[in-house]
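Residue numbers (this note's numbering): -12 to 122.
Read through the structure below, which is laid out as structure tokens, and then see the notes.
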């Protein structure tokens, strides 16, 4: 029985590690999205300072290409909307993964507790002596 519980603990621990790796990847994705959001919000603020006479360029490969100001502003707004929707999606994903992680953690604790109780039942009780020593 103890071997079965130990195998379950090992399996659950391996699954827990996979969940942690998934969580780490998702947290990194969230951080990248935050950086993209900040960058695009900064660009939007810079666009707000432009006058109609200012020219806007975008990088296409190694070349700067002139772009219509209204089109550039629209592109940034579209990117911002996309990034915000991705952040919401990743947030839901994070909550889901954290829920899986918590369930797996509880499962491991339950297996460990059951194993400990089983081992405590199997420990031989010490033999009690009457306290008289023969010499």
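The beta carbon of each residue, even a glycine, is placed where N, CA and C say it ideally should be.
Out of the options, which one is the CA nearest neighbour of residue i?
i          : options           : result
residue 87 : 4, -6, 45         : 4
residue 74 : 1, 13, 6          : 13
residue 77 : 9, -2, 91         : 9
residue 37 : 59, 48, 24, 22    : 59
residue 79 : 17, -3, -6        : 17
residue 28 : 41, 62, 2         : 62
residue 84 : 2, 99, -5         : 2
residue 32 : 67, 45, 52        : 67
residue 35 : 64, 45, -3        : 64
residue -4 : 109, 50, 100, 107 : 100
Report the three-state DSSP secondary structure of residue i (helix, strand or coil).
i          : result
residue 36 : coil
Under 7 Å, do residue i and residue j count as touching if we go by C-beta distance?
i          : j           : result
residue 47 : residue 54  : no
residue 6  : residue 92  : no
residue 81 : residue -11 : no
residue -1 : residue 95  : yes
Does the beta-carbon of residue i have 16 or more other beta-carbons within 10 angstroms, so that it is buried, or is it exposed?
i          : result
residue -8 : buried
residue 20 : buried
residue 57 : exposed
Spatial neighbours of residue i within its chain, please: C-beta separation below 7 Å, excluding the five flanking residues on both sides.
i          : result
residue 23 : 70
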